[in-house]
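A quick write-up on the structure given underneath.
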Amino acid sequence: MSRVTVSDNALAERFATHRDHLMGVAYRLTGTRADAEDAVQDAWLRLSAVDESEIRDLRAWLTTVVGRLCLDRLRSATARRESYVGPWLPEPVVTPLGAPTSEDPLDVAVREDGVRLAALLVLDRLSPEQRVALVLHDAFDLPFADIAATLGCTEATARQHATRARKAVAKADAPARATLDEQRGLIERFVTALSAGDLSAVVSLLHPTATFVGDGGGKARTARQLITGPDKIGRFFLGLFTQYGPEVLSGTTVLVNGDLGVLLPAADAGKGRDRRVTTFAVRDGRIAAIYDIVNPDKLAAVPDLANAPEA
Numbered sequence: 360m361s362r363v364t365v366s367d368n369a370l371a372e373r374f375a376t377h378r379d380h381l382m383g384v385a386y387r388l389t390g391t392r393a394d395a396e397d398a399v400q401d402a403w404l405r406l407s408a409v410d411e412s413e414i415r416d417l418r419a420w421l422t423t424v425v426g427r428l429c430l431d432r433l434r435s436a437t438a439r440r441e442s443y444v445g446p447w448l449p450e451p452v453v454t455p456l457g458a459p460t461s462e463d464p465l466d467v468a469v470r471e472d473g474v475r476l477a478a479l480l481v482l483d484r485l486s487p488e489q490r491v492a493l494v495l496h497d498a499f500d501l502p503f504a505d506i507a508a509t510l511g512c513t514e515a516t517a518r519q520h521a522t523r524a525r526k527a528v529a530k531a532d533a534p535a536r537a538t539l540d541e542q543r544g545l546i547e548r549f550v551t552a553l554s555a556g557d558l559s560a561v562v563s564l565l566h567p568t569a570t571f572v573g574d575g576g577g578k579a580r581t582a583r584q585l586i587t588g589p590d591k592i593g594r595f596f597l598g599l600f601t602q603y604g605p606e607v608l609s610g611t612t613v614l615v616n617g618d619l620g621v622l623l624p625a626a627d628a629g630k631g632r633d634r635r636v637t638t639f640a641v642r643d644g645r646i647a648a649i650y651d652i653v654n655p656d657k658l659a660a661v662p663d664l665a666n667a668p669e670a
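Using my numbering, you'd call the opening residue of the sequence shown number 360 and step up by one each time.
Right under this line is the structure:
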């Protein structure tokens, strides 16, 4: 058995001071908890195998290592997505509404506007190199020289990746995070309109460019194609309401990457509704996107939260 030395413990303590930061980096880069945790753990293993005296800036060194590890995962994910069934959504970070402030690294990370689901979806459209360059530089201030080392390219190329990513992000124009009060009021009106079976009222609450994105991964039931436009989305939800009744959006109110959402338990066997997390993006006072995450692999880390406030 190897002997743990004082220096080993000191290094572990130093690493621990950067863990929250590294989890934020890795989750923003990969969009999944498992990949983020694996990248951070691998960074620790690499740190423990090098001579720390050769590291000038530990935080920057660790950020670079995590960036490189996430780049490898992003490249692999690009190939896996080709066989993914239906649309893909990031793995949600779900926390109880009104709970004391958590110091869990991912709970801390998703308080930032750039880690809401709408923003992560835009990042997901970038190439792996563009995503890494943009996130490491614009979100975490890593110098382009270090980013170039991460990407295995010249500094000029790293800058070019970031520039192209910024243009793509600006063009995508993801909805900014609305206040929780605005989100709550809009969702309540949406549920009320559904309960009344009022299609025109439902449609009036949806942005003209609204989309519904369902992620079941072929393992649970949701829409397998994007649903676009207020009328189609309204009719889709009214159809769900006819099938499931008030349960369609009746669950536990939670925060999903910092935005309001609903954690819905599986319905009884007769109705066959799968456990899911549904959340929203808001633009100009209307619902601009509805995200329905049903893939059980992405909900494995989501607690039941049975005693949390009800929607």
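We treat Cβ as the ideally placed atom computed from N, Cα and C, and that holds for glycine.
Since we're looking at a predicted model, the values are computed, not measured.
Three-state class that DSSP yields for residue i in the structure shown
{"i": "alanine 393", "result": "helix"}
{"i": "alanine 628", "result": "Caution applies to alanine 628, whose pLDDT of 47 falls short of 50 and renders its modelled position unreliable; the value that the coordinates give is listed next. Coil at alanine 628, not helix or strand."}
{"i": "aspartate 379", "result": "helix"}
{"i": "leucine 448", "result": "coil"}
{"i": "glycine 644", "result": "coil"}
{"i": "asparagine 654", "result": "coil"}
{"i": "arginine 434", "result": "helix"}
{"i": "threonine 581", "result": "coil"}
{"i": "proline 534", "result": "coil"}
{"i": "threonine 612", "result": "strand"}
{"i": "threonine 423", "result": "helix"}
Minimum C-alpha distance to residue i - residue among the options
{"i": "alanine 579", "options": "Ile652, Asp500, Leu495", "result": "Ile652"}
{"i": "proline 449", "options": "Ile592, Leu622, Leu476", "result": "Leu476"}
{"i": "glutamate 488", "options": "Ala468, Leu370, Gln519", "result": "Gln519"}
{"i": "threonine 587", "options": "Ala458, Leu565, Leu619", "result": "Leu565"}
{"i": "phenylalanine 503", "options": "Leu430, Glu514, Thr423, Val494", "result": "Glu514"}
{"i": "threonine 437", "options": "Arg484, Val467, Pro662, Gly445", "result": "Arg484"}
Range covered by the alpha helix (DSSP H) that runs through residue i
{"i": "histidine 520", "result": "514-531"}
{"i": "arginine 543", "result": "539-554"}
{"i": "proline 589", "result": "589-603"}
Start-to-end residues for the beta strand (DSSP E) that takes in residue i
{"i": "leucine 623", "result": "618-623"}
{"i": "aspartate 505", "result": "Segment 503-510 is the alpha helix (DSSP H) holding aspartate 505; no beta strand (DSSP E) there."}
{"i": "valine 572", "result": "565-574"}
{"i": "valine 453", "result": "453-455"}
Distance CB(residue i)-CB(residue j) smaller than 7 angstroms
{"i": "arginine 635", "j": "alanine 626", "result": "no"}
{"i": "alanine 478", "j": "alanine 533", "result": "yes"}
{"i": "alanine 517", "j": "isoleucine 506", "result": "yes"}
Closer than 6 angstroms: residue i CB and nearest the ligand FAD heavy atom
{"i": "glycine 620", "result": "Looking at this structure, you won't find the ligand FAD or any other ligand, since it has none at all."}
Per DSSP, cross-strand counterpart(s) of residue i
{"i": "arginine 635", "result": "Leu623"}
{"i": "isoleucine 414", "result": "Answer is none; isoleucine 414 lacks a bridge partner."}
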